[in-house]
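Undergrad: Numbering-wise (our numbering), the sequence shown opens with residue 507 and increments by one. Each residue gets a CB set at the ideal place from its N, CA and C atoms; glycine is no exception. If you're wondering where the values come from, they're calculated on a predicted model, not measured in any experiment.
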Amino acid sequence: MRLIDWQRGFLLSCILLLSALGNSQAPGTGAIRGMIYDPAGRTVPNATVSVEQQATHALRSTISDAAGAFEAPLLAPGNYVVRVSADGFAQSRSQAIAVVVSETSSVEIRLALAAAKATVEVTANEQIATTESSALGRAVDEQAITALPLSNRNFTQILSLSPGVTVGLPDATQPGRGTQDVIANGGKTTANNIQFNGVDANNLAQNSAASDGEEVGVAVPAPDTIQEFKVQTGNYDATYGRGTGANVDVVSRTGTNRFHGTAWEFLRNDALNANDFFSKLTGQPRPVLKQNQFGAALGGPILRNKTFFFVAYQGLRSSNGVGTELTTFLPQLTSDRSAATLGAQFCAYPTAAGGTQLKCNGSNINPVALKLLNFKLPNGQFAVPSPQILLPADPGQMPIGESTYATPATYNEDQYTGDFDHSFSNKNTASARLFYSRAPTVNPFSPNAANVPGWGTNEVDKNVMVVASDTHVVNSNLINVGRLGYMRFDGKSSVEAPILASDVGTQSPTGLAGPGILAPGVTVDGLFTIGDAGTPSQTQRTNSYIAQDTVSLTRRRNFIRFGAEVKRHQVMIDAPFAASGLLDIRTFSDFLLGQSAQQNGSPNGLSNVTSSGGSSGIFRKDERYSDFATFVQDDVKLTPSLTINAGLRYEVFGPPSEIHGRLVTFDPTIATLTAPATGTLSGFVVASNFPDSVPQGVKQTDRRGVWPTRYTDVSPRFGFAYHASNHPDLVVRGGYGIYFDRLAGGLAENLVSQPPFSTIQLFSGSQNGGASLTTPFNPLLPSAESYPIFIQRIPAIKNCDPSTSNCGGGPTVVGLSTKMVDPYTQEYNLNVQVGMGWNTLAEIGYVGTRTLHVAGCAEFNQSLLASASAPVYGETINSAGNVVLRAPYQGIAPGSLECATAYDSNYNGLQASATKRLSKGLQFLGSYTWSRTLDQTSGSSGSQVFELWLLTNDQRNPRQSYGPTDFDRTHRGVFSFTYDIPGARTSSAFVRTLTSNWLASGILVLQSGTPITVLDFGAGAVYGNYPFENRAQLSGKRIATPGSLYSRVIGTYLDANGFTDAPLAPNAAGPGDTDFGNSGVGVVRGPGQRNMDLAIERTIPILEQHSVHVRGEFFNLTNTPNFANPLNIVNFGPAFGKITTKSNNPRIIQIALKYQF
C-alpha cells in the first residue's frame, strides 16, 4: 500500500475519533455497572465504590454519580466483590458478582443505615435479563466448558449451541482437532471472527476456523486452559469488526493467589465403540480407534497479590480408522484383469463419447487403462481394488460393487500454554499469553487424493499465539488497555503417490514421463479416483502482527469507549495446483477405451477422456496485507429503564500485494473481444512492482494490489434495551448495524496458476478431443524452468485436429475484478427477554440480515448462442464442437473465471431460547431457530475457504441461480445442560457417599437437512462451462424416493426417474448439443439429523481441596446413524442418488480420569 494511502486513512480515523469525543468493555474484558440505593429506594450519589477481583485481589475504585450510578469498565473476566461506603450508611460488601467477557454485569446495591457493625453483607441484585446491551449472544463459563461432552475436547463445538447458528453435527471420530465452522445468521463460515484474549486469532489465508490441508485453522487450547468465552451472533457494538458473522472472544485461565492445578487423561478404545453403519453394511469389522488425550495445568502466585502464572501442556495420540472411513463404488472387477476378461465383462456398456465401442475380446483396451487396472501397490493390493460386495443393477446399467475402507489415520499433537500477569499497582497491570502447538497427521484418504487406499496425505500444522497487554487506570473515569499480538499459522501437506507416469505409459501436463514424474490423477465419474488430485505438495504460512488500544471514558450517563487497531499480515503460499494433471472420464467403458476423438470417431468430436487439466510454472506467492480500524462506542443510560448503544466503526482492509510482483489478473472489462491470428495480450493486468518489462498489450497499474484500497467502510451501529421500572426482567431489545467483511487471502490464491508466472490448462468436451490416456494433454505446457511466460491469446482455428496441431483457443485464466469492494451486511433484530423465575430467562425474537457485494466467481467467457440471423464470429449453429469458436473473448479458453464481489444474500430467522443460570446445581441452554438463507453462489462445488463460490447454469444471469444456500437448515434445535445430581437423603453414610458428587451433562441436537442441487455433466454442452455448474433437467416425476430413511440409504435417496436428458439448445447441431437443465437450486433436502451426547462424572474428594474425577462420555448415545447428502450428479449411473457417507460418528465411549486441586 502506498504511503499516501495510509496518510489518508490515518487522517480520516483521527477526524472520526475527535468528532466522537465531547460501553464499558473491550475485546477480552467485561464490566460491572450498577445503581446504589438507600433503604427507602432513593439513589445514593458520591458513594465510594471499590471493585475487587476475588482470585488476585486486584482492586479498582470509582465514585457513584449524581444519579447513584457507577461503572467499572475493562475488567478481566472472573468473580468480583463490590464494596460501597457513603456518609450515613454502613460500609457494604456484596456477594460475588460474575464478570463475563464482552458483557456488562448490571447490579443494584441497597445500603443499610450506619450501625455498630463496620461492614454489612448486602445482596447485589444481579439481573438475569440483558438490560445494558442489544447484542445477541451467549457467554460460556469454565464449568460448562469442562463439563459438557465435547468431541475432541474442542471448544468450537460450544459455538453451535446459540440460536441463529447453523453447523453440521459434531463428529467425535474426525481425525485431528475436529474444529467446526459455524454459520451465524446466514453469514459465510469465512465471515466469523475469533479472538483470543482480545486479539484477532484468525488465519487470513482462509478466514476459516477449521484446518484444510496446508491451510491451518485457529488454535484449539485445551478446555482446562480456557476461563470462559462469549459467542456474539449479531448486533455487537463498534468495538468489534473484521467479520459479518459470529464474534467469538476466548479468555485464557490465569494464576491466582492460591495454587491450583489439574492433570487429566481421556481414553478411547475401539473395544468400547459401536460399529459404523457402512462397515456393518459391507461386512467389515469395527475400525480401529485408539486415542489418548492427556495433560496437566498449574497456576498460582509468583509474588502474592502481584505476579501470577498459569502453565499447561496437552498431548494427543490417536490412531483412527472410524473418522477416515470411506465408501466407494467400484466396477465388479476380479483378480483376472486380462484384456480378454475385461472386454468380455464390459463390452455391453456403451461409452459416453460415442463412436468406437469396446470390443468383447478386449483387443482395443487402452494399454494405459490395462496397466492402471493391473498396477499393484507396495502391499500387493491392486491400485483399483475389487469391490467387497456386489450390488444389483437395473437392466442396461453396468453392475457395480461397494467397498468401505477404514484405514487408520494417525494424529499427534503437543500444545503448550503459558499465561503470566503482573500488577505494578492498583492502577497498572500487565499480562502475557503464550500458546504453541504442533500436530502432524498421516491420513490414508484426503479430498486432494484418491478414494481408494494407496494415496494418503501427510500434514503438519503449527500454531503460535502471543498476546501482551497493559491496563492503566488514569483515574476512576478514564482507563486505557493496550495490546500487542502475534499469530503464526504454518501448514504443510503432501500426497503419497505410488504410480509414476512411466509405470503406465502416460505423461504429465508438460509432456514429461521420466524418473519421479507422477502419473495424472484419474477419476471415473461415480466410481473411483486414483492418483493425487494434482497437488503433490503444498505449503502455506501466515504471520499476523497486531497492535490495538482501547480507552474507556465515563461521563455522567455516558460510558464511552474509543480506540484503534493496526494489523500487518504476511501470507506465503506454494500450491502447485494440478501439477501432475487431472483426468475426468465419464464412464468405465470410456476409461477402458481411452481414445482421442480422432481415434474413436465420435460424432460429437469427443474424446473418451472427458476433461484434462494441468498446470506448470512458478507457484509461490508472498502476499502482504495491511488493515486499520478505529471506533467509538457510547452506551448511554438515558433513563434507569432505557439504555442506548450507539457506535461508529471505520475500517480499511488493504488488498493483497505480492513482494515479487507476481499478482497478475485478467480484466474482461478492458480486454478486446477479438484477437489477431498472431495473438494479443489484451486484458492482462500486472502490478506496479512487476519484475520484468511489460509486453505490449499488458496493462500495468500504479499500485501493488489487484484492486484499489477502499476508504469508505464506515459502520454505524445502533441498539437499545428497555425495561419497565417495575419489571426489570422484562426487556425489549433491538438494533441495526452495518458490518464489513475482511476478504480471505485465499481469494488471491486463485491467481497462483496464472500467466505469466504459471499456467493452468483445463479442456473439456470437444475442446479436449485430442486427449487420450496415452497423451492426455494437448497442447503441452512449457516446463517450469521456462517461466515467466505470457501465453498469447490466439483465436481458435476451425476444423483443426487438436491431436496433431495447436488449434489455438488460448489459456484458461482467472480474473480478480479490479473493482472489488468489501462485502457488508446490514443486520436488524428485535427481541423480548422475560425472566421466568428460578434464574431462568426466556427470549424470542426476529433477526434479519442482508449482505451485499458477496464474493463469487462466474465464467465470463461462456459461449454465445448463434443463429443464421445472429451469427457469432461466422458460426450459425450451436454445438459442443464449436464452443471455442463462439466464445466472446477470442483466444481465452471457456472455463475462465472472473471473481468479483457482485452477489448478495439474505437471511430471515425466528430465534427462541431458554437459559437457566447455574443454581441448585442445574444450568441449561435451549435454543430453536426457524430460518431461511438465500443466495446465488452456493449450491455447486464452490469453496468457501477460497471465496470461490460458483454460479450454476447461465453465468450471465446470476438471478437464475438464486435459491437456498447449501448450508440452509429450516429448523434447528439444541439443548445443553449440566446438572449436579443431588445425593440420596438417607441415614446411611454409605448410601450418601455412593450417591453424592455426581454430575450429568449433555448436548441434544435436532435439525433439518440441507438443500441438494442436482447436476448434469451432460447439460449445457453448447456453452463450454465447467460440467459441475450445470443443473439437471426435471422429468416431471418424483425426485425423492419414498420409504424410510433406512430403506433409502440401502437403496437410493434420489430417484433417477425424476430427471431426464437436458433439452437441445437452440439451433443445435446434433443430439449431444444440450441446453441447461430446468431444475432449480436446492430442489430437494438431504436427511435430517439428530444426536445426543452425554457425560456422567463422579467427583471423589481425597483431601481438603483435592479431588479425583472419574468421567464417562457417550458420543451419539443412542447410536443413531446420521447421513450426509447423496451423490447428486445424474451422470454417475447407478451411483446417482446413493448415500455413501455419514455425517457423524457411531456411538463412541470415552473414559477419563482427572485430578484437581
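Classify residue 903 as helix, strand or coil using the three-state DSSP reduction.
TA: coil
Undergrad: Reducing DSSP to helix, strand and coil, say where residue 837 ends up.
TA: strand
Undergrad: Determine the DSSP secondary structure at residue 1449, reduced to helix, strand or coil.
TA: With a pLDDT of 42 at residue 1449, under the threshold of 50, the modelled position of that residue is not reliable, and the figure given next carries that caveat. In the structure shown, residue 1449 sits in a strand (DSSP, three-state: E or B).
Undergrad: CB of residue 1050 to nearest heavy atom of the ligand GDP: below 8 Å?
TA: As far as ligands go, the structure on display features none, and thus does not contain the ligand GDP.
Undergrad: Compare the beta carbon distance of residue 666 and residue 676 with 9 Å and say whether it is the shorter of the two.
TA: yes
Undergrad: Taking the beta carbon of residue 723 as the centre, do at least 16 other beta carbons fall within 10 Å, making it buried, or is it exposed?
TA: buried
Undergrad: Could you spell out the range, first to last residue, of the beta strand (DSSP E) harbouring residue 1219?
TA: 1219-1229
Undergrad: Is the beta carbon of residue 828 sitting closer than 9 Å to the one on residue 795?
TA: yes
Undergrad: Using the beta-carbon count (16 or more within 10 Å), is residue 517 buried or exposed?
TA: Residue confidence is low: residue 517 scores 36 on pLDDT, short of 50, so the model does not pin down where it sits. No coordinate-derived value is stated.
Undergrad: Near residue 1197, what residues of its chain come up, given a Cβ to Cβ distance below 7 Å and the 5 sequence neighbours on each side ignored?
TA: Taking C-beta separations shorter than 7 Å and ignoring five residues to either side along the sequence, the partners of residue 1197 in its chain run 1166, 1167, following chain order.
Undergrad: Assess contact between the segment 915-932 and the segment 800-813, defined as three or more Cβ pairs (one per stretch) separated by less than 8 Å. Is contact present?
TA: Verdict: yes, contact present.
Undergrad: To the nearest angstrom, how far is it from the Cα of residue 455 to the Cα of residue 1104?
TA: Past the boundaries of the shown model lies residue 455; the chain is included only from 507 to 1663, so the question cannot be answered.
Undergrad: Leaving out five residues before and five after residue 1402 in sequence, what residues of the same chain have Cβ atoms less than 6 Å from its Cβ?
TA: 1318, 1319, 1367
Undergrad: When you compare only the Cα positions, how much space is there between residue 1221 and residue 1132?
TA: 19 Å
Undergrad: Let me make sure I understand the geometry here. Which of 1122, 1358, 1436 has the alpha-carbon closest to that of residue 1406?
TA: 1358
Undergrad: Unbroken alpha helix (DSSP H) runs of length 4 or more, entirely within the segment 1395-1426: which are they?
TA: Counting only runs of 4 or more, we get nothing.
Undergrad: Quick one: what's got a C-beta closer than 6 Å to residue 765's C-beta in the same chain, skipping five residues either side?
TA: 806
Undergrad: Mind pulling the beta strand (DSSP E) runs of 3 or more residues that sit fully within the segment 620-679?
TA: 625-628, 642-646
Undergrad: Please say whether residue 1215 and residue 1298 have beta carbons closer to each other than 9 Å?
TA: Contact check for residue 1298 against residue 1215 fails: the beta carbons are separated by 9 Å or more.
Undergrad: Check the C-beta distance from residue 1651 over to residue 1620 and give it rounded, since I have them as a contact under 8 Å.
TA: 11 Å between Cβ atoms; not a contact.
Undergrad: Rank 1337, 965, 865, 1064 by C-alpha distance to the C-alpha of residue 951 and give the top, closest one.
TA: 965
Undergrad: When DSSP labels each residue in this structure, what does residue 1252 get in the three-state scheme?
TA: helix
Undergrad: Three-state secondary structure (DSSP) at residue 1662?
TA: strand
Undergrad: Could you round the C-beta distance between residue 553 and residue 591 to whole angstroms and report it? I think they count as a contact, below 8 Å.
TA: 7 Å
Undergrad: Is residue 701 helix, strand or coil when you go by DSSP?
TA: strand
Undergrad: Which same chain residues, not among the five before or five after residue 856, have their C-beta less than 7 Å away from its C-beta?
TA: 863, 1095
Undergrad: Is there contact between the segment 733-749 and the segment 633-643, where contact requires at least three CB pairs shorter than 8 Å?
TA: yes
Undergrad: Measure the alpha-carbon distance for residue 1003 versus residue 961 and round it to whole angstroms.
TA: If I take the Cα positions, the gap works out to 6 Å.
Undergrad: I want to know whether the segment 877-894 touches the segment 1125-1142 - three or more CB-CB distances under 8 Å.
TA: no
Undergrad: Quickly, what does DSSP pair residue 762 with across the bridge? List them, please.
TA: Beta-bridge pairing links residue 762 to no other residue.
Undergrad: Report all residues from its chain with a CB closer than 8 Å to the CB of residue 651; omit the five preceding and five following residues, and keep chain order.
TA: 661, 664, 729, 732, 734, 735
Undergrad: How about residue 804 and residue 814: do their beta carbons lie closer than 9 Å?
TA: no
Undergrad: Specify the secondary structure class of residue 1291 as computed by DSSP and reduced to three states.
TA: helix
Undergrad: How is residue 1522 classed by DSSP in three states: helix, strand or coil?
TA: The answer is coil: DSSP assigns residue 1522 none of H, G, I, E or B.
Undergrad: Would you say residue 1634 and residue 1518 are within 9 Å of each other, going by their C-beta atoms?
TA: At the C-beta level, residue 1634 and residue 1518 come within 9 Å of one another.
Undergrad: For residue 1415, does the count of other Cβ atoms within 10 angstroms reach 16, so buried, or fall short, so exposed?
TA: buried
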